[in-house]
Structures are given as C-alpha cells and as structure tokens.
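Participant:
There are 4 protein chains.
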Amino acid sequence: MSHNSFGQLFRVTTWGESHGQGVGCVIDGCPPRLPLSEKDLQPWLDRRRPGQSIFTTQRRELDQVSISSGVFQGVTTGTPISLQIRNIDHRSHDYSTIRDAYRPGHADLVYDLKYGVRDYRGGGRSSARETAARVAAGGVARRVLGDGIRIRGALVQIGNVRIDRTRWDWASVDNNPLFCPDPAAAIEFQALLAFSRKSGSSVGAVIEITAEGVPPGLGAPVYGKLDADLAAALMSINAVKGVEIGEGFATAALAGEDNADEMRIDDGNISFNSNHSGGVLGGISSGEPVTVRFAVKPTSSILVSRHSVDRDGREIQVSTPGRHDPCVGIRAIPVGEAMIACVLADHLLRHRAQNPNAPTIARLPLE
Amino acid sequence: MSHNSFGQLFRVTTWGESHGQGVGCVIDGCPPRLPLSEKDLQPWLDRRRPGQSIFTTQRRELDQVSISSGVFQGVTTGTPISLQIRNIDHRSHDYSTIRDAYRPGHADLVYDLKYGVRDYRGGGRSSARETAARVAAGGVARRVLGDGIRIRGALVQIGNVRIDRTRWDWASVDNNPLFCPDPAAAIEFQALLAFSRKSGSSVGAVIEITAEGVPPGLGAPVYGKLDADLAAALMSINAVKGVEIGEGFATAALAGEDNADEMRIDDGNISFNSNHSGGVLGGISSGEPVTVRFAVKPTSSILVSRHSVDRDGREIQVSTPGRHDPCVGIRAIPVGEAMIACVLADHLLRHRAQNPNAPTIARLPLE
Amino acid sequence: MSHNSFGQLFRVTTWGESHGQGVGCVIDGCPPRLPLSEKDLQPWLDRRRPGQSIFTTQRRELDQVSISSGVFQGVTTGTPISLQIRNIDHRSHDYSTIRDAYRPGHADLVYDLKYGVRDYRGGGRSSARETAARVAAGGVARRVLGDGIRIRGALVQIGNVRIDRTRWDWASVDNNPLFCPDPAAAIEFQALLAFSRKSGSSVGAVIEITAEGVPPGLGAPVYGKLDADLAAALMSINAVKGVEIGEGFATAALAGEDNADEMRIDDGNISFNSNHSGGVLGGISSGEPVTVRFAVKPTSSILVSRHSVDRDGREIQVSTPGRHDPCVGIRAIPVGEAMIACVLADHLLRHRAQNPNAPTIARLPLE
Amino acid sequence: MSHNSFGQLFRVTTWGESHGQGVGCVIDGCPPRLPLSEKDLQPWLDRRRPGQSIFTTQRRELDQVSISSGVFQGVTTGTPISLQIRNIDHRSHDYSTIRDAYRPGHADLVYDLKYGVRDYRGGGRSSARETAARVAAGGVARRVLGDGIRIRGALVQIGNVRIDRTRWDWASVDNNPLFCPDPAAAIEFQALLAFSRKSGSSVGAVIEITAEGVPPGLGAPVYGKLDADLAAALMSINAVKGVEIGEGFATAALAGEDNADEMRIDDGNISFNSNHSGGVLGGISSGEPVTVRFAVKPTSSILVSRHSVDRDGREIQVSTPGRHDPCVGIRAIPVGEAMIACVLADHLLRHRAQNPNAPTIARLPLE
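Chains as they are written, first to last, in my numbering: chain A, 2 to 368; chain B, 2 to 368; chain C, 2 to 368; chain D, 2 to 368.
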C-alpha cells in the first residue's frame with residue numbers, strides 16, 4: 002500500500018510540493034530497452050505548462066524534466082526511473098494571509114484535521130503542481146504502449162457551454178489554447194472565460210479522452226477492472242468530481258437494446274456496430290476506442306470574497322488574488338491523458354503476465 | 002497486486018462464479034474483538050437477494066452466509082474471516098444456446114479474448130452473483146465503522162424519470178421495493194419498469210448513497226484519495242458506467258463562488274454552509290456527509306433480438322429469455338452501500354496507522 | 002497489503018484455524034487454461050498429512066482438498082481458485098487446561114498481547130494446520146511452473162545428526178518416512194526421534210530444498226529479489242528460525258576466489274563450474290539449481306514440564322501431553338517445497354510482465 | 002507490487018545507480034509532525050560511508066543527504082519524503098574491460114539475461130551504493146520508532162574467526178573500525194583482513210543486530226510475520242546469503258525443553274527466563290530484544306584471476322583491481338540496522354491500524 006503510488010506493475014510514486022525544491026516521481030517496473038530521453042518527455046510537460054495563453058495562470062514554471070536514473074545509453078534498463086522537475090518560481094511570498102486561513106473549496110482545513118500540520122505555501126502537496134510529475138510519468142507510459150495506441154483529450158464543456166459533437170475536429174484541438182474540438186464552441190469558451198476572469202470568478206469543465214488502438218483483453222475482473230482503475234486514476238486528479246465511461250450517466254436513460262453494442266463479422270474480424278460501452282465490457286477492453294469523461298470543478302482560488310474560518314476558530318472573509326487558472330480544467334487535459342496512459346501501460350503488463358499464450362486474435366479495426 | 006482483492010488494510014478477496022459451488026470472500030485485517038455472527042450479515046444479504054418483488058429476477062437464491070473462520074466465541078479474532086454463500090439454484094440448464102454466443106453488452110467476448118476460456122454458465126465470474134460476497138463483506142465493514150456512521154442508498158433515476166429531491170424521504174426508501182426516496186416517483190418508476198418488462202427490454206438507473214458521521218481526515222493524498230477509492234469501488238460493480246461525488250458533473254456549470262463550500266463557526270465548531278464537495282476535499286473527508294452517485298446501464302440480458310456473432314465467427318441473432326432483472330440498478334443499492342462501507346473501513350484503519358495522535362477535534366455536526 | 006496473502010501476481014490468501022470449519026486459500030492471478038483437478042493437488046497434501054509414520058502426530062486428518070471456483074471443464078479460467086480442506090478431527094476436547102495457559106515456545110501469549118483474544122483450540126491460526134492450505138496452493142503453483150522445473154526437499158539434519166552429503170540419494174528420500182537422502186543417516190534419525198519421543202521431548206531439524214530447471218532471469222532487484230522472497234516464504238512457515246541460500250552461513254568463512262562461481266562455455270552455452278551461489282546472483286536466478294535450507298525449531302508441545310504463566314498472571318507448570326509431532330521439521334518438507342513453488346510461479350509471471358522480449362538464451366544445462 | 006519498494010505502511014522506494022546522478026528514495030506513509038532534518042540522517046550515512054578505515058574501499062563518496070520534500074518548518078508533514086544523495090566520485094573511468102565481461106560472483110550475467118541491457122559502470126543498480134538510500138530511510142524509520150527502541154549491530158565473524166560472546170562489549174563496537182564487540186577478536190579480524198587484502202582476496206562475515214525496546218504485538222500472521230519481513234529485508238541486501246533469528250540454525254540441535262523460553266512473573270509483569278526465540282513467537286514480537294544474524298559473502302571484486310566468459314561467448318580471465326572493500330560485511334552493519342528499523346517502523350504502523358485498543362500491557366523489562 003502506498004498513498005502516493007499509482008499502478009501495480011507500471012508503478013509511479015510521486016513526491017513534492019508546490020514551493021519546495023521540486024516535484025518528481027519514481028517509475029518502477031518499466032520494461033527494459035525502450036528508447037528514452039528527456040526529449041521524449043518534455044513535449045508533454047510543455048503542453049501542461051502554465052502561462053501559455055491568457056486563459057491559464059501566468060506563473061512562470063519552466064517544468065524542465067530530468068532523468069536521474071534507470072536510463073543508460075539512451076534506453077531504459079528495467080531499473081527504477083527517477084524523474085525530477087525543479088521548482089523555479091518560488092519567489093519569497095508573504096504567506097501571512099493564507100497561513101492561518103482555511104480557503105473555501107481548498108484542502109487547507111482537511112490537511113490540518115488529518116495531519117495537524119500543513120505546508121501552506123502554494124497549497125503544498127495539494128497543489129496542481131504535483132500533476133507535472135504525472136505528466137512526466139505519462140510520457141514514459143506512452144513509450145511502453147508504443148505508437149499503436151493513441152491517447153487524445155479535448156475540452157467538451159466549460160461552464161454551461163457544451164460543444165456540438167457533430168463539429169468534432171481533432172485538428173481544432175491543437176489549434177486553440179483551450180483544447181476544444183469544436184472551433185465554434187472554442188470562441189464561446191473564450192468569451193465565457195474572459196467574462197469569468199473579469200468577474201474574479203472561475204468556471205468548471207468537462208474533459209473527454211479517447212484511447213485508440215487499445216488491444217482487447219486489458220483489465221482484470223473484478224477489482225482490477227480497467228474502468229475501475231481508470232476511474233480511480235482520473236478521480237485522483239485535483240478538482241475532479243465525476244468520471245464516466247462510454248455513455249456514462251446517459252446510459253441510465255437508455256433501453257437495453259439501445260445500449261448494448263451489437264456485433265458483426267467484418268472482413269473476418271469481430272466488429273462492433275456502436276461503442277456505447279466506451280471500449281470496456283465486464284472490466285476488460287474490447288478493442289474499441291476507450292472513451293472516458295471527467296468533470297473538473299471551478300477553481301477555488303477566486304477574487305470574490307467568501308465566508309470562512311481560520312486556525313484560531315475565528316470567522317473571516319477570504320479573497321484570493323493572484324495568478325490562478327480561471328479554469329483548471331484546461332490544464333487537466335494533458336494530466337488526464339497521462340493518467341490514462343499510465344493505467345493502460347500497467348494493464349498491458351498485467352495482462353501479459355497472466356496470459357502469455359492468449360489466443361492471438363486479429364486486432365479489431367479502429368472506427 | 003490482486004485482481005480480485007479490494008482495499009489495503011481492510012482487505013476483501015472474493016471468489017466464485019454464478020453456477021459453481023458458491024461465492025465467498027476472505028476478509029483480512031479486520032480488527033479483533035468486534036462482535037460478529039451470521040445474524041449481523043444476513044440482513045444485508047437479504048436486501049440484495051433476488052425475487053423479493055416482481056421488479057427483480059425471480060431466481061431463487063437463499064444467499065445464506067456462513068462464517069468459516071476468524072470468529073471465536075462471537076468475536077473477531079484479528080485473523081482472516083472467510084465468508085461463504087453456497088449456490089443452490091444451479092438447475093441443470095441447457096447452455097447450448099449461449100455457450101458459443103457472444104451476447105451484446107455482456108463480457109462473453111472479452112473473457113474469451115483475454116483468457117481463451119470462459120465459464121458460460123450464468124455469466125460465470127462476470128455474473129452479478131459475485132456481488133453477494135461484497136455485500137457480506139460490507140456487513141463486516143459496518144461493524145468496523147460502528148454505529149456512528151450511517152450508510153444509506155436510494156434510487157434517484159430510472160430510465161429518464163428522476164426523483165424530485167424536495168420530496169426526499171428516507172422512510173420511503175424502506176417502504177417501496179425500488180428503494181425510491183420519493184413516493185410519487187416510486188409510482189412512476191414502477192410503471193416504467195412494468196412497461197419495460199412487457200417490452201422484453203430493460204432500463205438503466207442512477208443510485209445515490211450517503212454516508213453520515215464520517216470523521217474528518219479519512220483519505221490519503223494523492224493516489225489514495227478517499228474519492229479515488231470510492232470511484233474505483235463503485236466502478237468495479239457490474240454494469241456501472243459513471244461515478245460522481247457531491248455536485249459531480251453538475252460542478253462544471255458552477256461558478257467558483259457557488260461551488261466552494263463556505264465555512265462558519267457553529268457552537269465553537271467549524272461548520273460548512275453547504276456540501277457541494279460531497280464531504281471530500283483534496284481527497285480527504287471533511288466531516289460532512291459523503292455523497293456519491295453512480296449510473297447503472299440497462300440489463301443486457303433482454304428478450305429483444307439483437308445482432309451478434311459466435312465463437313465460430315458466424316453472425317447470429319441473440320435473444321435472452323429467462324428470469325433476468327429488468328433493472329439491475331435496483332439490486333445495486335445494497336452492493337453500492339457495501340462498497341462504500343468497505344472503502345470507509347479501509348481508510349479508517351489507514352488513517353489510524355499514520356495519525357495516532359491526530360489532534361482531536363470536535364465532530365462536525367451532521368446536517 | 003495483506004497479512005494473510007503471499008505473492009504478488011500468483012497470489013495466495015489463506016484462511017482457517019486448527020479447530021474451525023476448515024482451512025483454505027484463494028489463489029488469484031493463476032494463468033488460464035491449465036489443466037487442474039483435485040487429483041493434481043491431493044498427492045501433495047497426502048505427503049504432508051499426519052499419521053503416516055510413528056514419527057509424526059497421530060491425529061487423523063484426511064486433508065481432502067476441494068476446488069470451489071476458478072476451474073471449468075478441467076481447466077483454470079483465470080479467475081480466483083478457491084481451495085478448501087475441511088477439518089474433520091475436531092473432537093470435543095476439554096481445553097480448560099490450555100485455555101488460560103501460555104505455553105512456552107508457543108504463540109499463545111503474543112496473540113493475547115496483540116489481539117486481546119485468541120482461539121485456543123489447537124493453536125487456532127498459529128497451528129501448523131494452516132500449512133495444508135499452502136501445500137494445496139503449491140500444487141497449483143507447480144502447474145504454472147510446468148514439468149520443466151522440479152522442486153524436491155530433503156531432511157539433512159535432525160538434532161545434532163547431519164547427513165553425509167556424499168551419500169546423497171534422492172531415491173532414499175521417497176523410501177523412508179523422514180525424507181532423508183542418506184540411508185545411513187535415516188537410521189540414526191529414527192533412533193534419535195525414538196529416544197526423543199520416549200523422553201517426552203522433541204528435536205529440531207534442517208531441511209534442504211532444490212529447484213532444478215529454473216530459467217535464468219527470475220527475481221527483481223532490489224526488494225523483490227528472488228532470494229529475499231524465498232527467505233520470507235520459508236521464514237513464514239511455523240517454527241522456522243533460519244534460512245540460507247547456496248553456501249549460506251558457510252560463505253562467511255570462504256575466500257572470495259573460493260566463493261564466486263567461475264563460468265565457462267559449454268557446448269556454446271554459458272555454464273558455471275560450481276554453484277556456491279545457490280542459483281541466485283544479485284537477486285536474479287542464474288539458471289543453476291536454486292538451493293535453500295531452513296532450520297526448524299523443536300516442537301514446543303512437549304511432555305516435559307516447564308515453567309510458565311497464565312492469563313491471570315500466575316506462575317504455573319505446563320506439560321503438553323497428546324498427539325504432537327516430535328519433530329515438526331519432517332512435515333515441513335512438503336510445506337517448504339510448496340512455498341518455493343509459489344515464489345517461483347510468482348516470479349515467473351513477474352518476469353514475463355516486464356520482459357516479454359527478453360533475449361532467448363539456451364537453457365543452462367542442469368548439473 | 003513494486004520491485005524497488007520495501008514495506009507496506011512505512012514504504013520506501015529507492016532508485017539510482019552507482020555512477021548515475023545519484024541515489025535516493027521516497028518514503029511514503031511517514032507519520033506527520035516528527036522533527037526531521039538532514040542532521041538527523043547524516044550520522045547514519047557517515048557510519049556507512051567508505052574510506053573511513055583501511056578496511057573499506059578508498060572511494061571518496063561524501064554521501065551528503067538532502068531532503069527534497071515532505072518536511073516543512075522542521076517537521077514531517079505526512080506527505081512523501083524524498084531523500085537524495087548525489088554521486089560525486091564518478092571519474093571518467095575506462096570501462097572497456099568490464100563492459101563485456103561477466104565477473105564471477107557478480108550480477109553482470111543475470112542482468113543481461115533478464116533485461117538484455119545493463120549499466121556496467123560500477124555495477125549499476127546492483128552496486129552497494131544503492132544501500133546509501135536504505136541507510137537514509139532507516140534514519141527516518143528511527144524517528145518513527147522513537148528513542149525507546151534501540152537498534153545496534155556488530156560484526157561477530159570474519160572468515161573463520163568468531164568472537165567470544167562472553168567478551169561482548171557494546172562500547173567496543175564504537176571503538177574499532179570493524180564494529181567488533183569483542184576487543185580481542187577485533188585484533189584477529191584486522192590481521193585476517195590485512196592478510197586477505199595483501200593476497201588480493203576477500204572474506205565473508207556474519208553480522209548480528211539487536212533491537213531492544215520493541216513492544217510486544219508487532220508482526221502479523223501468517224505471511225506478514227515480523228521475522229518473515231526481517232528475513233526478506235536482510236536477504237535483500239547485496240551479498241547476503243543467510244538470515245537467522247534467535248538461536249537460528251543452532252535451534253535444530255536443541256531439545257524442545259532447552260529451546261522454548263520459560264516465563265515467570267517479575268514485579269507483576271510477564272517475563273522470559275531466556276530469549277532463544279530472538280524476541281519473536283509465532284511471527285509476533287514478544288517484548289524481548291529482537292535478535293537477528295545475517296551472513297555476507299566475500300567480495301566478488303578481487304585481484305585474484307578467475308575463469309569467466311564475456312558477452313560474445315568467449316572464455317576469459319577476470320581480475321578486478323581497484324578500490325574494493327575486502328569485506329563488504331563491515332559496511333553492511335549500518336545497512337542491516339537501517340533495514341531492521343524500516344521493518345519495525347512499518348510493523349508499528351500496521352499494528353496500530355488493526356489494534357487501536359489493544360490491551361495496554363506493562364512494557365516487558367529489557368534484559
């Protein structure tokens with residue numbers, strides 16, 4: 002058991018706080034002889050890095066990742082891979098205002114209740130900064146998965162604005178700073194964000210991630226189900242309040258015949274006519290794209306003044322000025338992708354361990 | 002790592018299939034000297050047992066639980082508790098029709114893809130029957146939690162019919178066979194179910210579970226977060242496709258100031274003005290009621306004929322007559338409660354291990 | 002974490018006490034499609050069964066194993082295998098003499114100190130009876146390993162009588178009730194045991210187990226070393242007080258050049274000139290036979306009267322009449338073999354998970 | 002599961018190689034609010050540091066430990082503690098001679114067989130350098146245990162020279178560079194080492210470690226036994242080939258009445274007349290000092306020429322000049338102490354989780 006580790010065979014242990022020396026992780030169980038260098042990981046970190054548009058925090062974090070062990074002459078050796086990202090923007094803040102205040106929506110209070118102590122600088126361990134280590138680990142996980150598996154995320158809702166799925170265009174995701182697959186919605190998103198920022202407020206979001214090329218057979222009934230691990234992975238990300246797979250909550254309103262995906266034979270291979278299941282049946286991947294969504298709450302660090310209490314049991318007003326993300330959901334996309342990558346890499350190894358001679362089946366065609 | 006174990010310190014390992022000798026579980030790590038007998042567990046199993054109304058499968062399963070180890074002279078001894086529930090209704094079916102068929106929406110295909118073999122009798126390991134063992138384990142978990150923590154579930158949606166939350170009445174839950182907290186909606190639910198059954202179809206559902214009296218401090222950042230473990234626990238239940246906590250997906254549409262729960266001092270204690278968070282902040286319980294919802298897909302075993310394929314690669318039509326639940330969500334309520342109980346018991350022990358001298362704080366008042 | 006589970010991917014969870022309903026285990030992670038029936042397991046249990054010679058306890062235990070799940074139509078399905086062995090010899094003893102007494106050398110006192118309660122009937126969970134479940138699990142592990150790996154144990158010391166290794170004959174092991182590989186020593190062993198039994202005393206023993214055919218590459222540095230797991234596996238057996246591998250403690254007296262096994266090329270393959278390492282280098286199997294020894298203390302249940310105390314804090318004399326093994330080391334041989342088999346099966350799966358494309362090397366020749 | 006993690010609740014994950022950027026570890030699960038700084042850890046690292054006498058390697062390694070996370074304002078916060086020790090002595094060696102050679106007694110060959118790649122610089126991950134991270138973690142574990150538990154090790158055998166236990170003097174351990182508790186034997190040890198070094202050879206050793214003040218109740222039957230975890234912990238240290246507890250292998254030659262420790266009432270408390278068990282009964286600590294011994298093989302890096310093979314399948318002669326420890330057993334003492342500390346800290350937390358209300362018993366008096 003480990004509070005700060007994730008995965009069973011591809012196992013990631015993260016450490017670090019917002020304003021300490023840095024954050025990092027140790028990856029244990031990575032297969033040997035995979036080509037790996039900092040160059041393979043940095044692009045993923047760059048996607049998560051703040052300050053890339055006016056819609057994310059303007060804090061300056063270089064997020065330069067370095068590999069401290071486990072790689073020799075350009076390939077993984079099978080021994081633990083230690084990744085480190087130094088903190089560079091810990092200017093000597095005056096923390097006196099938040100040191101004793103419990104900010105609404107933050108973990109301030111519960112850390113104190115649990116541990117009796119908390120590193121109040123920038124949220125300490127509960128800071129979104131910890132997710133930089135996840136993104137680095139996700140880069141290694143992608144190496145394990147290989148090029149046959151493609152994991153992509155997109156923002157499908159901000160506040161009460163949803164995309165029009167008929168306009169879904171993956172190219173659009175890379176072309177706007179909000180990772181929005183619907184160019185028209187992207188404009189609405191930006192307007193909403195601008196308004197929210199001006200109001201000193203914040204908004205929530207919904208992110209959708211799809212993994213294509215996932216081979217069938219990943220996932221282990223009944224407590225190691227692929228979707229159970231995906232749910233835990235996404236729910237462990239800061240500010241996430243809901244997770245669904247395939248039709249998700251909408252499945253409740255469906256009739257059995259509309260929900261169960263029919264099958265056919267296509268060119269000699271088994272193929273599905275639909276993917277309401279989101280690529281997972283009985284906890285095991287079906288070969289269809291794995292599709293998950295998760296909801297991110299609005300940033301709790303807002304300018305709007307709120308009622309709260311402090312460590313001394315006094316009622317106070319809390320307002321949080323500063324360089325905060327108006328919508329943490331935006332930067333959660335690379336984090337969600339990384340978590341999906343880690344779960345899939347873990348289950349790939351788990352499947353291989355138990356089923357070395359699993360009957361070779363033709364790869365189900367991607368949609 | 003264990004595919005079929007759940008929890009870290011209060012650890013449940015289940016075994017068994019639909020039509021084998023029975024199902025059961027081994028609970029490891031239960032604290033010693035807790036009073037425990039079959040009589041403490043049977044009521045929970047009785048709630049899950051099929052055939053109690055016309056709205057659930059008419060299969061006859063007594064679900065009589067027996068304790069095979071770990072209890073001596075009426076109390077737990079701290080050693081593993083083995084619980085067993087024999088299968089009694091495995092009449093000698095003719096399985097020839099489903100032996101080679103892959104039923105849409107079922108795990109038939111993926112078990113074959115993963116293992117190259119599957120116990121096709123009644124769904125084998127992927128049968129909802131496995132959840133009987135979870136419910137038994139949940140009964141032990143409730144003993145660990147004690148009477149101060151109350152875990153209750155209710156059906157809040159069937160098909161596209163939702164309850165009216167202003168009419169929520171816990172007494173109603175016990176007074177109708179659908180665990181519905183809104184007496185008016187209960188009637189609508191029944192009409193919908195009757196129609197669905199007559200059509201040879203099925204419907205999905207949404208269940209809400211609340212745990213009151215949960216002490217603050219449970220949950221361990223960042224991969225052992227209480228909500229991450231709750232999500233995995235619920236997503237591991239058959240047919241579950243979505244999980245949310247507190248406001249859940251609705252949080253996306255909220256502004257920061259509307260979502261973050263304000264605090265006040267109430268009679269000397271810290272108190273929250275609202276519970277949008279669902280009782281969990283930063284992965285740690287706040288002392289507020291823990292509130293989760295999960296979506297259950299419509300039963301895949303339906304009379305309506307569907308396109309599919311068989312093991313020999315032929316296209317077939319599949320229709321599943323028989324004694325199936327028209328809405329598996331109904332019987333998922335005691336299962337969901339049991340999983341919540343197991344997660345809380347596990348985190349209670351985990352919290353205690355690390356924080357023996359956690360500052361004693363006044364228990365936050367229940368709403 | 003689990004107090005009563007062993008192994009990571011081939012994971013065994015045992016339950017049960019000496020005088021409850023029975024003992025059993027759940028095996029999680031077993032590969033699918035291995036032929037398995039009770040007939041494959043019973044012979045190993047029969048070897049461990051008491052009452053087979055005058056040198057073991059005369060208790061009557063049939064030790065009939067039954068498979069309750071995880072096997073369908075004669076093959077494993079990849080789902081949890083539940084094995085059960087009913088207790089049949091729990092005659093209604095009068096336990097009043099030992100109920101409150103702390104027998105020297107037993108776990109009576111420490112169970113009470115730890116749990117505040119103990120099942121005093123026959124030692125409860127600390128009874129050697131628990132090892133029947135290990136032996137059953139070991140039978141399944143042997144199936145995973147296949148016929149290419151042979152695991153055999155022998156008694157190499159009883160009291161202060163050691164075998165003469167130059168007379169080692171595996172056939173002898175099967176020909177005497179003491180599993181002694183030296184026919185001459187077997188006679189001395191029997192004389193010593195007869196004397197010890199007549200004196201109402203008991204003796205300790207040393208067991209050696211060899212696993213031949215173990216492929217190179219098993220074991221994972223640095224805390225999942227093959228020898229670290231072997232040491233834990235053997236030390237977890239009741240009454241074991243020491244474990245060594247290869248030269249073991251004798252290695253301390255060796256010079257570096259005498260201890261390090263030289264290598265040569267033999268028929269194109271790498272081969273070792275000696276096996277002081279016991280088949281494990283740096284925690285990884287070398288392809289040479291894996292050789293371990295463990296020391297078993299003399300039975301604590303003896304007729305000779307001993308000073309002790311009781312639950313009420315009174316000084317008492319304790320003498321244990323009854324049907325006890327004069328040397329528990331004898332029946333520890335099948336148990337030790339089973340534990341070795343479980344460790345190797347576990348590491349085989351672990352190795353496979355991480356190293357699917359490990360360079361194929363010619364199998365090192367057996368000595 | 003994690004190849005490079007140790008412990009369940011007090012969980013240490015180490016990383017790093019001999020000649021990479023450094024070594025380090027992440028400690029997860031450490032209780033909060035323990036005073037901790039680098040100054041608490043450095044003394045333990047200094048004891049392990051090479052080059053402190055002519056009897057250890059003359060490599061210059063400062064082994065300066067730094068805390069990168071998990072400590073705030075001088076106390077632990079309950080979040081992961083990242084410890085790092087930079088490598089400073091990686092001079093640009095010419096590794097051409099060992100790059101392709103498989104040194105007898107080393108892990109060179111098996112790393113290649115397992116991973117198909119190895120970091121040959123200084124032994125890579127199999128280097129004793131990894132143990133620096135263990136020693137650092139052990140320093141934190143000692144903080145968890147508090148001052149009531151004292152863990153001390155001593156060298157009791159080098160080559161075929163054993164100490165005289167009647168001359169045991171703990172003060173002597175600190176007064177000679179060999180950690181020898183018998184001043185007379187210390188002189189013999191030094192003579193033997195000097196001779197061995199001059200011969201270009203090496204010698205093995207036996208180390209004994211005692212933990213006093215261990216409360217009764219630590220350890221969990223049956224696979225989480227305290228002695229099983231101690232055995233794994235010590236066997237995981239490089240070059241260790243045997244582990245024993247209490248009488249260990251000598252127990253085999255004892256009669257039951259001589260081995261089982263009698264009990265008495267002493268000043269109202271239960272007390273033992275002897276400690277043949279080494280402080281562990283049935284896998285649970287008895288309150289007596291926990292006493293373990295482990296055997297360390299002679300260093301494999303020796304000047305004496307040996308037969309071996311290389312990666313290309315050629316037979317070669319290997320001789321290893323350089324700054325190697327003539328007896329790695331000497332520096333294994335702080336490492337063994339650290340591992341014992343980690344095991345005890347882990348079991349303290351595990352015990353606390355399951356047994357919050359364990360009956361308070363008077364601490365058994367130290368001998």
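Here a beta-carbon is modelled for each residue, glycine too, at the ideal position from N, C-alpha and C.
Thinking C-beta only, is B/Pro299 closer than 8 Å to A/Asn260?
Facilitator: yes
Participant: Does the beta-carbon distance from B/Gln65 to B/Ile86 come in below 8 Å?
Facilitator: yes
Participant: Confirm, please, whether the CB-CB distance from D/Pro357 to D/Gly288 is below 8 Å.
Facilitator: By the CB criterion at 8 Å, D/Gly288 and D/Pro357 fall outside the cutoff.
Participant: What does B/Gly25 pair with, by DSSP beta-bridge criteria?
Facilitator: B/Trp16 and B/Gln85
Participant: For C/Gly79, go through chain E and note every residue whose CB falls closer than 8 Å to its CB, in chain order.
Facilitator: Structure shown: chain E not included; protein chains present are A, B, C and D.
Participant: Looking at the unbroken alpha helix (DSSP H) that takes in D/Arg100, where does it start and where does it end?
Facilitator: Ser97 to Arg100
Participant: Where B/Leu37 and C/Gly23 are concerned, what is the direct C-alpha to C-alpha distance, given to the nearest angstrom?
Facilitator: Straight-line Cα distance between these residues: approximately 19 Å.
Participant: Which of the residues in the stretch 19-39 of chain B, read from start to end, lie with their CB under 7 Å from any CB of chain C?
Facilitator: Gly21, Gln22, Gly23, Gly25, Val27, Asp29, Gly30, Pro33 and Arg34
Participant: Quick check on the DSSP output: the alpha helix (DSSP H) that includes B/His352 runs from which residue to which?
Facilitator: Val329 to Gln355
Participant: D/Gly330 and D/Gly205: beta carbons closer than 8 Å?
Facilitator: yes
Participant: Kindly indicate which three-state DSSP category B/Arg163 falls into: helix, strand or coil?
Facilitator: strand
Participant: Counting only runs that start and end within the stretch 192-270 of chain B, where is the beta strand (DSSP E) found for 3 or more residues in a row?
Facilitator: Runs of the beta strand (DSSP E) inside the stretch 192-270 of chain B: 206-213, 241-246 and 264-267.
Participant: Kindly give me the distance between the Cβ atoms of C/Ile208 and C/Gly139, rounded to whole angstroms, as I take these residues to be in contact under 8 Å.
Facilitator: Taking a contact as a CB-CB distance under 8 Å, the pair C/Ile208 and C/Gly139 does not count as one, their CB atoms being some 14 Å apart.
Participant: Along the beta strand (DSSP E) that carries D/Glu131, what are the first and last residues, could you check?
Facilitator: Careful: D/Glu131 lies outside any beta strand (DSSP E) and carries neither H nor E.
Participant: So what does DSSP say about D/Glu316, is it helix, strand or coil?
Facilitator: Of the three classes helix, strand and coil, the one that applies to D/Glu316 here is strand, per DSSP.
Participant: With a threshold of 16 other CB atoms inside 10 Å of the CB of C/Trp16, please say whether the residue is buried or exposed.
Facilitator: buried
Participant: So, is C/Lys226 buried or exposed, given that buried needs 16 or more other C-beta atoms within 10 angstroms?
Facilitator: So C/Lys226 ends up on the buried side.
Participant: Could you tell me which residues DSSP puts in a beta bridge with A/Tyr112?
Facilitator: Answer is none; A/Tyr112 lacks a bridge partner.
Participant: Can you grab the Cα-Cα spacing for the pair C/Arg315 / D/Asn270, in whole Å?
Facilitator: 10 Å
Participant: Just the Cα atoms here: how many angstroms apart are B/Phe196 and B/Pro327?
Facilitator: 10 Å
Participant: Helix, strand or coil for B/Arg151? Go by DSSP, reduced to three states.
Facilitator: strand
Participant: Look at the alpha carbon of A/Ala333 and the alpha carbon of A/Arg49, and state the distance between them as a whole number of angstroms.
Facilitator: 8 Å
Participant: So for B/Gln9, helix, strand or coil by DSSP?
Facilitator: coil
Participant: What does the alpha-carbon distance come out to for the pair C/Gly247 and D/Arg12?
Facilitator: 29 Å
Participant: Quick one: grab the DSSP three-state call for D/Ser3.
Facilitator: coil
Participant: What residues from chain B crowd round C/Thr14, counting only those whose CB sits closer than 9 Å?
Facilitator: Those within 9 Å of C/Thr14 in chain B are Ser3, Ser6, Arg12, Thr14, Val27, Asp29 and Pro81.
Participant: When the Cα of D/Leu84 is compared with those of D/Gly8, D/Asp267, D/Arg135 and D/Ile55, which residue comes out closest?
Facilitator: D/Arg135
Participant: Going by beta-carbon coordinates alone, are A/Asp29 and D/Ser309 separated by less than 8 Å?
Facilitator: Contact flag unset, no.
Participant: Output the distance between the C-alpha atoms of A/Leu219 and B/Asp113, rounded to the nearest integer angstrom.
Facilitator: 12 Å
Participant: Where does B/Val174 fall in DSSP's three states?
Facilitator: helix
Participant: Decide if the stretch 112-131 of chain C is in contact with the stretch 272-279 of chain D; the criterion is three or more beta carbon pairs, one per stretch, under 8 Å apart.
Facilitator: no
Participant: Based on the DSSP output, what are the partners of B/Tyr121 in its beta bridges?
Facilitator: Beta-bridge pairing links B/Tyr121 to no other residue.
Participant: Bridge partners for C/Ile285 per DSSP, in chain order?
Facilitator: C/Leu282
Participant: Would you mind sorting B/Pro366 into buried or exposed? The rule is 16 or more other CB atoms within 10 Å of its CB.
Facilitator: For B/Pro366, the pLDDT reaches just 38, beneath the cut-off of 50, and the residue's location in the model is therefore unreliable, although a value from the coordinates is still provided. So B/Pro366 counts as exposed.
Participant: Is D/Glu18 near A/Ser70, with beta carbons less than 8 Å apart?
Facilitator: With respect to the 8 Å criterion, D/Glu18 and A/Ser70 are classified as neighbours on the basis of their beta carbons.
Participant: Please classify D/Asn161: is it buried, with 16 or more other beta-carbons within 10 angstroms of its beta-carbon, or exposed?
Facilitator: exposed
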